[in-house]
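At position 52 of the sequence shown the residue is numbered 52 (our numbering), and the sequence of numbers has no breaks. Quick reminder that beta carbons are idealized off the backbone N, C-alpha and C, glycines included. It should be emphasised that the depicted structure is a prediction, and the values quoted were computed from it without experimental measurement. Some notes on the structure that comes next.
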Amino acid sequence: MDFSYRQARIEDLSAIMDIYVNAQEYMEKNGNPQWVKGFPAEDDIRGGIYGGIIYVVTCRDEIAEVFSVVNHDDNYDTIDGKWLTDGSYLAVHRHAVAEKYRGQGAAKFALTKAAPEIARERGRKSLRLDTHEKNLPMLSLLTSCGAVMCGTVTLMRDGSKRIAFEIAL
């Protein structure tokens, strides 16, 4: 597939929300409680688009995958384990693939091409990510992209644990 990426635009909001709602249903159906219905919320996505932190992977001008990036995540300040690198990183969050593109390489493109390019442009040394222990597709993706499991982090919003990964660039 011929993928590319770009920052999300406000006119992408409806398509992005459709992808997230479908992902929530997929996770629930497969026993993964990581995203409850309503997360991520439309207001958060709208704010992320305006804030320039949401990106889309496209294929022939169609959104295949969506993810967000931030230069720092307070949840990563404390880890039960050890990060691979010290210093600056790019936190990658809220990955979701459009149903039509599941298994087609869009998420792998995001983690091996798009996010590393964004990180390098920002002078970051690594990518940091986390996921729920029951998110088997994401665990498989992270492993296939060379991510190293570094330990667990506790989310401030609800105290839940997530498996933490890092990809050194």
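- For the region 45-106, the full-length beta strand (DSSP E) segments reaching 3 residues or more read 54-59, 62-70, 90-97 along the chain.
- Taking each of Y50, M27, L169, M149 in turn and checking the Cα distance to I163, the smallest one comes out for M149.
- Sorting A115, G103, Y76 by C-alpha distance to the C-alpha of T131 places Y76 at the top.
- Distances from the CA of L127 to each of M156, V70, S144, T154 were compared; the closest alpha carbon is that of V70.
- Counting only the Cα atoms, V56 lies some 13 Å from K108.
- The residue from L169, S160, Y101, K100 with its alpha-carbon nearest to that of A114 is L169.
- In this structure, the beta-carbon distance from A96 to Y20 falls below 8 Å.
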